[in-house]
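In this note's numbering, the protein residues as written are -19 to 503.
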Amino acid sequence: MGLQCYFGGTTIQTLKLAAIPASSRFILKPISKTLVLNPFSRHNYVICPQRNPFKLLVRALSSTAVQTAPITESLDNKVVKPQWKAAIDFKWIRDNKDAVALNIKNRNSNANLELVLELYEKMLAVQKEVERLRAERNAVANKMKGKLEISERQKLIEEGKNLKEGLATLEEDLVKLTDELQLEAQCIPNLTHPLVPIGGEDSSTVRKMAGTPRDFGFPVKDHLQLGKELDLFDFDAAAEVSGSKFYYLKNEAVMLEMALVNWTLSEVMKKGFTPLTTPELVRSSVVEKCGFQPRGDNTQVYSIEGSDQCLIGTAEIPVGGIHMDTILAETQLPLKYVAYSHCFRTEAGAAGTATRGLYRVHQFTKVEMFVLCRPEESDSYHEELIKIEEDLFSALGLHYKTLDMASGDLGAPAYRKFDVEAWMPGLGRYGEISSASNCIDYQSRRLGIRYRPSEPTPAPPKKGKGSLAPTQFVHTLNATACAVPRMIVCLLENYQQEDGSVIIPGPLRAFMGGLELITPKST
């Protein structure tokens, strides 16, 4: 339990860092710091014949969990019971272990398939013995219903007692095995789209290249230098107040953040998305169900010690939880949301000039898109999401490329993921500004989000049953419409002028009171 402090009668709970799985390039070392939070104040390979088994992975693996192994606490040799369970088809995994093993390898996952299979076989053996003892116990109970000699009855009573004790022990073992199996199997990542390139980050392929780098004709400044000269942010004061990788936005930078958020929301809402603001503290179980690991050694999530709550790393998590444990009508689909939130990430292990300034920070504002749809529609909505992102970035005049991310760089939940990297002239490289992921039914199976098809079942209903069609799991997708700090980096560096001023892109001017130019402050 975290140390609690009291200021003005308000309890401030200790925040500890916890883990969120990411692609292999973001597997980071933990930070040994502790922060405090006032709880009351304001994240393509072409399929060949030998790869066809991956088409079959949907049923068995789409309901499984995170890439990073979950923590299993032991107390007196008792496995802690999982907070929730995924509907995993263990028999299918056993029968198709070669395909599952190849998928784990291609995803660069640390899931232990051999242990899962070993635990499954043990569970089956214990389950079979439990069923045998239950049958014997029932047989003894039936014998005792008839007329018996006293000695015979006493013998049956003793036999029944022994069976009961043995059964209780086995049933306890079965629960332990089932829980351990569930926790280990939750490490198995989602299956992979057949067009995803196999390999690490370097194997990712370019889907689209938009625009060209600007020819400046004068020495280019990075956003840190521009921000200092234009008095747009203060990292030094924020470091004293909150620590490294925090910042104050000032003057026109504040207006720019608000303009980016409001313009992005207005554009995405035109596409039929419902706007949301979200809770920024969520239960750790919801984080897990979305495919992230809220507690562990690879720290990317801030969790509140002494509670089951975490700060969100992306609005994907609270939006994904809106319809948790719900059966939707087919007519409600698709559900398309665009959410505004603050996001919090530990960014452990990040260092170097490429991560300076606003590029990699602990707290930032983001606009996130989220879609729930029928399974047959998820690929088309994935294309719709990436097109919305590309249209937004093109409207701002950015030079960018869209990547189809390789299997080893997908993380655990994504079936397929597109990243957008924009040219940042001050940094002298492309930097990731957005991603769009299709998670198929990986999250919905864990969150319990189903829909009921409109068409009734063709088979005659059972007695007492209606003609309702059986429920199916929806598919979920998420995409970043605007990660504000990195967009500010792009705009400052790409729109800088020789005199030190920065032009405001046309689409944002109406959201900044008509301001067209950020100029150095007069002394």
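Beta carbons: idealized from backbone N, C-alpha and C, even for Gly.
Cα-Cα separation, residue i to residue j
{"i": "D78", "j": "A392", "result": "19 Å"}
{"i": "R409", "j": "K381", "result": "12 Å"}
{"i": "E348", "j": "E181", "result": "24 Å"}
{"i": "R354", "j": "N170", "result": "18 Å"}
{"i": "N242", "j": "L150", "result": "60 Å"}
{"i": "L352", "j": "K316", "result": "7 Å"}
{"i": "V176", "j": "V454", "result": "22 Å"}
{"i": "A239", "j": "A490", "result": "8 Å"}
{"i": "T499", "j": "G480", "result": "7 Å"}
{"i": "E111", "j": "H322", "result": "52 Å"}
{"i": "G486", "j": "S224", "result": "34 Å"}
{"i": "I68", "j": "R430", "result": "16 Å"}
{"i": "L365", "j": "Q452", "result": "23 Å"}
{"i": "Q162", "j": "V155", "result": "11 Å"}
{"i": "E296", "j": "L147", "result": "45 Å"}
{"i": "S283", "j": "P62", "result": "18 Å"}
{"i": "G493", "j": "S287", "result": "43 Å"}
{"i": "L378", "j": "K102", "result": "57 Å"}
{"i": "R263", "j": "E401", "result": "32 Å"}
{"i": "S414", "j": "N458", "result": "11 Å"}
Residue i (DSSP reduced to helix, strand or coil)
{"i": "K125", "result": "coil"}
{"i": "M404", "result": "strand"}
{"i": "F429", "result": "Residue 429 is actually Ile in this sequence, not Phe. Correct three-state label for I429: strand."}
{"i": "K144", "result": "helix"}
{"i": "N76", "result": "coil"}
{"i": "K251", "result": "coil"}
{"i": "E505", "result": "Summary: the structure shown does not reach residue 505, with the chain confined to residues -19 through 503, and so no result is reported for it."}
{"i": "E132", "result": "helix"}
{"i": "T185", "result": "strand"}
{"i": "A105", "result": "helix"}
{"i": "H342", "result": "coil"}
{"i": "V281", "result": "strand"}
{"i": "M492", "result": "helix"}
{"i": "L378", "result": "coil"}
{"i": "N118", "result": "helix"}
{"i": "N458", "result": "strand"}
{"i": "R409", "result": "strand"}
{"i": "L93", "result": "helix"}
{"i": "A190", "result": "strand"}
{"i": "L315", "result": "strand"}
{"i": "L240", "result": "helix"}
{"i": "L505", "result": "Not covered by the structure: residue 505. The range shown for the chain is -19 to 503."}
{"i": "E138", "result": "helix"}
{"i": "E435", "result": "coil"}
{"i": "L157", "result": "helix"}
{"i": "P298", "result": "helix"}
{"i": "G207", "result": "helix"}
Paired residues, beta bridge with residue i - DSSP
{"i": "Y320", "result": "T257, V347"}
{"i": "D399", "result": "L383, S415"}
{"i": "F453", "result": "R430"}
{"i": "D214", "result": "Y228"}
{"i": "L82", "result": "The partner list for L82 (beta bridge, DSSP) is empty, contrary to what the question assumes."}
{"i": "L512", "result": "There is no way to answer for residue 512, as the model of the chain reaches only from -19 to 503."}
{"i": "L352", "result": "L315, T456"}
Option in the options with minimal Cα separation from residue i
{"i": "A512", "options": "S131, A105, E496, E139", "result": "Because the chain in this structure spans residues -19 to 503, residue 512 falls outside the shown range and cannot be described."}
{"i": "M249", "options": "A490, E357, F350, G406", "result": "F350"}
{"i": "T254", "options": "I302, Q280, F215, Y227", "result": "I302"}
{"i": "A461", "options": "D389, D371, V454", "result": "D371"}
{"i": "G179", "options": "S417, M467, D389", "result": "D389"}
{"i": "L157", "options": "L95, P193, G146, M189", "result": "L95"}
{"i": "F398", "options": "L204, L407, F70, S387", "result": "S387"}
{"i": "E357", "options": "V266, T456, L378, V262", "result": "T456"}
{"i": "R466", "options": "P405, N458, M492", "result": "P405"}
{"i": "D202", "options": "S502, A459, L488, E478", "result": "E478"}
{"i": "V200", "options": "A375, D421, R426, L472", "result": "L472"}
{"i": "N142", "options": "L113, Y320, M124", "result": "L113"}
{"i": "V299", "options": "F70, E260, E496, K208", "result": "E260"}
{"i": "Y100", "options": "K230, E164, R426, D384", "result": "E164"}
N-terminal and C-terminal residue of the alpha helix (DSSP H) that residue i is part of
{"i": "C470", "result": "464 to 474"}
{"i": "I366", "result": "358 to 375"}
{"i": "D305", "result": "First-last for D305: undefined, no H or E at that position."}
{"i": "L390", "result": "Per DSSP, L390 belongs to no alpha helix (DSSP H) and is neither H nor E."}
{"i": "S264", "result": "264 to 269"}
Run of the beta strand (DSSP E) containing residue i, from where it starts to where it stops
{"i": "L171", "result": "First-last for L171: undefined, no H or E at that position."}
{"i": "L291", "result": "289 to 291"}
Neighbour flag for residue i against chain D, beta carbons, 8 Å
{"i": "Y380", "result": "Here chain D cannot be found, since the structure has a single protein chain."}
Contact test: residue i Cβ vs the ligand MG heavy atom, cutoff 7 Å
{"i": "R263", "result": "Ligands displayed in this structure: none; no statement on the ligand MG is therefore possible."}
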